[in-house]
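Novice: If you're matching them up, the sequences are chains A and B in order.
Going by the working numbering, the first sequence opens with residue 1, and the numbers climb by one from there.
Going by the working numbering, the second sequence opens with residue 247, and the numbers climb by one from there.
Have a look at the structure that comes next, please.
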Amino acid sequence: MVRETFDFSNVITILPKLVKALPMTLYISVATMAAGMLVGLLLTFGKISRNRIVGRVVSGLTTVLRGIPTVVLLYIVHFGLPGAVKAVSGVDISGWQKQTFVIIALAIELSVTCSEMFRSAYNSLDKGQLEAAHALGMTRIQRFFRVILPQGLYVILPNLTSATLAMIQGTSLAYTLGVMDVMGRARVLDTNAFNMKTLESYFVVALIYWAVSIAVGGVFHLLELRLQRGQKTLSTSVETKGGAAL
Amino acid sequence: MSLNMEFIVETIPKVLQAIPITLLLTLFPVLAGLVIGFFLAMLRIRRIPVLSQIIALYLSFFRSVPLLLLLFLSYYGLPKLLNFVFLRRNKGIQHQQHFKPCRGAAHADAVCERLSVRDYSQRF
Chain A
1 MVRETFDFSN VITILPKLVK ALPMTLYISV ATMAAGMLVG LLLTFGKISR
51 NRIVGRVVSG LTTVLRGIPT VVLLYIVHFG LPGAVKAVSG VDISGWQKQT
101 FVIIALAIEL SVTCSEMFRS AYNSLDKGQL EAAHALGMTR IQRFFRVILP
151 QGLYVILPNL TSATLAMIQG TSLAYTLGVM DVMGRARVLD TNAFNMKTLE
201 SYFVVALIYW AVSIAVGGVF HLLELRLQRG QKTLSTSVET KGGAAL
Chain B
247 MSLNMEFIVE TIPKVLQAIP ITLLLTLFPV LAGLVIGFFL AMLRIRRIPV
297 LSQIIALYLS FFRSVPLLLL LFLSYYGLPK LLNFVFLRRN KGIQHQQHFK
347 PCRGAAHADA VCERLSVRDY SQRF
């Protein structure tokens, strides 16, 4: 017997219990974000490198990984990686926490998305600037941090926002491995209540994800405004000059 | 744990049999999503006062909620919602479930439809 009504008092009792599980979701998200962007950057270096073979291999890898659904990737990583690592290096990683495997899987997916994003941002840069940086005697690292990053970050920000939000939504798949994130906790709560609070539990999960998305979107928006400031001063200074000339 | 090649070869044809369902689940949301998304985009472009705020809220919600969750909400929630809306008003309080969760596929369709709606309405 499934209960018919939607009881709002249940929502209020469930909400604090599920908010307690939010740190797990956020932990997975932040770790995935960091790992994914770092690996994505490395993949991008592979894609834009002059070495044709490296470029081909990385592009091929990207194509394959983009076609795999997240759940499938999650299962492959969780059930396949320990065996593969043991066969290659003899290290036993099967005792790692489940959330670690979730992070690895999501990071693989995010890194592929990021690498495509970074590559297009790099291609959008004015190549003359890179030559200028070289002419000024900058090292490759200086060139990256002073010329490529400040401009590239502004270009990728909208895409990065949607990729991040998609990744955060992807963390809900962690429950399939039994990780107690918001989704997993909601399922446990519902089961413990003999499936009497199904609708309320999932409704609360939806509210939490909604709130997180709005918050993350807000942070990215602030970042965009902050980066825009640098761009604006450039353009306004040109405008004022033009105005003065008129 | 190691890869069992024989098993893989055995499994491939069985898994391939399920491809039509996957394609079907792809086709319907794309079609329905395109149509509904198109109308939503039109309504947003026109900037009709109340409606466009409602659409903005709708988009914000469905864009920020995981697909999996929509699947659950629709599978468990939609029958209840339909009962609540259509049956209770007409026949007083009737606690039998009239709209039972039907085939999961139909629900998945409904969900994906909403998902693709939110995507397409942004693209237009």
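By construction, the Cβ of each residue, glycine as well, lies at the ideal position given by its N, Cα and C atoms.
Against chain A, does Pro-266(B) count as a neighbour if the rule is that its beta carbon must be under 9 Å from one of theirs?
Specialist: Here residue 266(B) refers to the residue found at position 20 of the second sequence. Not an interface residue.
Novice: Would the region 33-47 of chain A count as touching the region 103-112 of chain A if we require 3 or more Cβ pairs under 8 Å?
Specialist: Because the criterion of three Cβ pairs below 8 Å is met, the region 33-47 of chain A and the region 103-112 of chain A touch.
Novice: Check whether the Cβ of Pro-275(B) lies closer than 9 Å to any Cβ atom in chain A.
Specialist: Within the second sequence, the letter at position 29 stands for residue 275(B). Not closer than 9 Å to any Cβ of chain A, the Cβ of Pro-275(B) fails to qualify, so no.
Novice: Is the Cβ of Arg-349(B) closer than 9 Å to any Cβ of chain A?
Specialist: Reading the second sequence from its first residue, position 103 is the one you call residue 349(B). With a pLDDT of 46 at Arg-349(B), under the threshold of 50, the modelled position of this residue cannot be trusted; read the value that follows with caution. Output row for Arg-349(B): interface = no.
Novice: Name the chain B residues that come within less than 8 Å of Met-183(A), Cβ to Cβ?
Specialist: On the first sequence, residue 183(A) is found 183 positions in, with the first residue counted as 1. In chain order: Pro-312, Leu-314, Leu-315.
Novice: Does chain A have any CB closer than 9 Å to the CB of Gly-283(B)?
Specialist: As a position in the second sequence, residue 283(B) is number 37, starting the count at 1. Chain A contact via Cβ: absent.
Novice: With H, G and I counted as helix, E and B as strand and the rest as coil, what does DSSP make of Gln-263(B)?
Specialist: As a working note, residue 263(B) is residue 17 in the second sequence. DSSP places Gln-263(B) in coil when its eight states are reduced to three.
Novice: Note down, in chain order, each residue of its chain lying with its Cβ closer than 7 Å to the Cβ of Gly-46(A), except the 5 sequence neighbours on either side.
Specialist: Residue mapping note: residue 46(A) aligns to position 46 of the first sequence, counting from 1. Taken in chain order, the residues that qualify are Val-54, Gly-55, Val-58.
Novice: At the level of alpha carbons, what is the spacing between Gly-60(A) and His-221(A)?
Specialist: Here the question's residue 60(A) lines up with position 60 in the first sequence. Here the question's residue 221(A) lines up with position 221 in the first sequence. Spanning the two alpha carbons is a distance of roughly 33 Å.
Novice: Measure the alpha-carbon distance for Ile-156(A) versus Phe-307(B) and round it to whole angstroms.
Specialist: For the purposes of this step, residue 156(A) is taken as residue 156 along the first sequence, with counting starting at 1. For the purposes of this step, residue 307(B) is taken as residue 61 along the second sequence, with counting starting at 1. Roughly 24 Å between the two C-alpha positions.
Novice: Please tell me whether Arg-292(B) has its Cβ less than 9 Å away from any Cβ of chain A.
Specialist: One-based indexing of the second sequence puts residue 292(B) at position 46. Answer no: the Cβ-Cβ gap between Arg-292(B) and chain A never drops below 9 Å.
Novice: Are the beta-carbon atoms of Ala-186(A) and Ser-201(A) separated by less than 9 Å?
Specialist: Here residue 186(A) corresponds to residue number 186 of the first sequence, with the count starting at 1. Here residue 201(A) corresponds to residue number 201 of the first sequence, with the count starting at 1. Yes.
Novice: List, in order along the chain, the chain B residues whose C-beta lies closer than 7 Å to that of Thr-198(A)?
Specialist: Along the first sequence, read from residue 1 onward, the residue named residue 198(A) stands at position 198. Those are Tyr-322, listed as they occur along chain B.
Novice: Give the range of the alpha helix (DSSP H) segment to which Val-147(A) is assigned.
Specialist: Locating residue 147(A) in the first sequence gives position 147, counting from the first residue. Counting along the chain, Val-147(A) falls outside any alpha helix (DSSP H), and DSSP gives it neither H nor E.
Novice: Under the criterion of a Cβ to heavy atom distance below 8 Å, does Val-39(A) qualify as lining the ligand ZN?
Specialist: Among the ligands in the structure shown, none appear at all, so the ligand ZN cannot be discussed.
Novice: Using a Cβ-Cβ distance under 9 Å, would Ile-214(A) count as near chain B?
Specialist: Along the first sequence, read from residue 1 onward, the residue named residue 214(A) stands at position 214. Yes, its Cβ sits closer than 9 Å to a Cβ of chain B.
Novice: Quick one: Cα of Asp-7(A) to Cα of Val-296(B), how far?
Specialist: What you label residue 7(A) is simply residue 7 of the first sequence in a count that begins at 1. What you label residue 296(B) is simply residue 50 of the second sequence in a count that begins at 1. Between Asp-7(A) and Val-296(B), the C-alpha separation is close to 28 Å.
Novice: Considering just the uninterrupted stretch of the alpha helix (DSSP H) at Tyr-27(A), what are its terminal residues?
Specialist: On the first sequence, residue 27(A) is found 27 positions in, with the first residue counted as 1. From DSSP, the alpha helix (DSSP H) with Tyr-27(A) extends over 22-48.
Novice: What's the call for Gln-99(A), buried or exposed, on a 16-neighbour Cβ count within 10 Å?
Specialist: The residue labelled residue 99(A) in the question sits at position 99 within the first sequence. Per the 10 Å Cβ criterion, buried.
Novice: Do you know how far the Cα of Asn-192(A) is from the Cα of Thr-198(A)?
Specialist: Start at 1 with the first residue of the first sequence, and residue 198(A) comes out as number 198. Start at 1 with the first residue of the first sequence, and residue 192(A) comes out as number 192. Looking at the two C-alpha atoms, the distance is approximately 10 Å.
Novice: Name the chain A residues whose beta carbon is nearer than 8 Å to that of Leu-319(B)?
Specialist: Against the second sequence, residue 319(B) aligns to sequence position 73. Those are Leu-199, Tyr-202, Phe-203, Ala-206, listed as they occur along chain A.
Novice: Examine chain B for any beta-carbon lying closer than 9 Å to the beta-carbon of Gly-55(A), and answer yes or no.
Specialist: Walking along the first sequence from the start, residue 55(A) turns up at place 55. No, Gly-55(A) lies away from the interface with chain B (no Cβ there is under 9 Å from its Cβ).
Novice: Alpha helix (DSSP H) containing Leu-130(A): first to last residue?
Specialist: Within the first sequence, the letter at position 130 stands for residue 130(A). Its alpha helix (DSSP H) spans residues 127-135.
Novice: Gly-217(A) CB to nearest chain B CB: under 9 Å?
Specialist: Within the first sequence, the letter at position 217 stands for residue 217(A). Yes, because at least one Cβ of chain B sits closer than 9 Å to the Cβ of Gly-217(A).
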